[in-house]
Ligand code: IPE
Ligand code: IPE
Ligand code: MG
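In the working numbering, the protein residues as written are 1 to 250.
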């Protein structure tokens with residue numbers, strides 16, 4: 001059997017192509033240490049670095065990370081501002097590592113809503129990393145699943161109005177193609193940290209058949225070994241897509 005250096009436990013022929021992660025628990029991590037929430041977010045960046053490195057090492061092609069939701073705009077301004085500054089600083093600081101590890105950065109969400117310096121820094125990093133081929137890191141920012149579905153409905157509605165498509169021609173593939181995630185395969189695995197067992201408006205359309213993995217680990221504590229556990233758990237599952245076991249295993 002083909003093996004992955006460093007992780008011989010992993011079945012190399014069953015690596016998820018796309019892993020989506022809801023990085024949750026930064027605030028609780030900080031509170032446990034008696035620190036302000038922003039310190040949890042800062043440590044969260046270290047966990048992001050580790051997770052991306054792991055993904056590149058084991059050959060996961062796409063990782064989508066939920067970094068800031070549409071609803072997170074409702075947090076206190078002091079936290080939102082600190083998060084935006086952390087985003088700018090981190091993207092700049094991590095750029096050499098992204099280049100070294102062959103990571104292509106993409107963004108997903110209503111980027112126009114972000115402060116100008118954030119949007120500019122992200123654009124710069126996207127441009128710089130665009131030819132990297134190992135792993136694509138999709139950062140979901142000012143994103144929510146419903147936002148994207150609404151955007152897609154507007155596009156499809158306009159296309160119907162202009163006669164480019166008939167209403168009865170709208171199917172799975174038309175909707176998928178109208179989403180901002182059209183260029184990525186649907187996630188095979190969705191991970192959420194911090195013990196919460198909900199989706200919080202993440203990739204609603206795309207996770208229709210994703211395997212879901214919840215862990216109590218708070219995001220700043222999430223290491224490569226925790227990621228490995230999630231992959232091994234994923235590899236132990238049978239994905240049936242509505243069929244029977246017999247159909248899948250024959
Ligand atoms: C996740 O950690 C990061 C963001 C949502 C930006 P939280 O900030 O939600 O941390 P908890 O859930 O309050 O512990
Ligand atoms: C989900 O976490 C959003 C991100 C991880 C960016 P939240 O902490 O915002 O989710 P809820 O509010 O607990 O559902
Ligand atoms: Mg949270």
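We put the CB at the ideal spot given by N, CA and C, even for glycine.
Bear in mind that the values here come from a model prediction, so they are computed numbers and not experimental data.
Exposed unless 16 or more other CB atoms sit within 10 angstroms - verdict on residue i
i: residue 99; result: exposed
i: residue 96; result: exposed
i: residue 117; result: exposed
i: residue 26; result: buried
i: residue 10; result: buried
i: residue 94; result: buried
i: residue 37; result: buried
i: residue 29; result: buried
i: residue 73; result: exposed
i: residue 209; result: exposed
i: residue 191; result: buried
i: residue 211; result: buried
i: residue 242; result: exposed
i: residue 5; result: exposed
i: residue 109; result: buried
Beta-ladder partner(s) of residue i, from DSSP
i: residue 18; result: 62
i: residue 135; result: 103
i: residue 111; result: DSSP output for residue 111 lists no bridge partner at all.
i: residue 140; result: 66, 108
i: residue 42; result: Note: residue 42 sits in no beta bridge, so no partner.
Span separating the alpha-carbon of residue i from that of residue j
i: residue 232; j: residue 140; result: 25 Å
i: residue 251; j: residue 162; result: With the chain covering only 1 through 250, there is no way to say anything about residue 251.
i: residue 22; j: residue 201; result: 10 Å
i: residue 238; j: residue 222; result: 25 Å
i: residue 107; j: residue 166; result: 31 Å
i: residue 194; j: residue 171; result: 36 Å
i: residue 42; j: residue 250; result: 48 Å
Beta-carbon proximity of residue i to residue j, cut-off 7 Å
i: residue 128; j: residue 56; result: no
i: residue 155; j: residue 178; result: yes
i: residue 142; j: residue 113; result: yes
i: residue 19; j: residue 189; result: yes
i: residue 52; j: residue 137; result: yes
i: residue 245; j: residue 206; result: no
i: residue 111; j: residue 119; result: yes
i: residue 77; j: residue 105; result: no
i: residue 81; j: residue 102; result: no
i: residue 144; j: residue 69; result: yes
Exercise for the section: Please write down, chain order preserved, every residue whose beta carbon lies under 5 Å from a heavy atom of ligand 1. Expected result: Working through the chain, the matches are 24, 25, 26, 27, 28.
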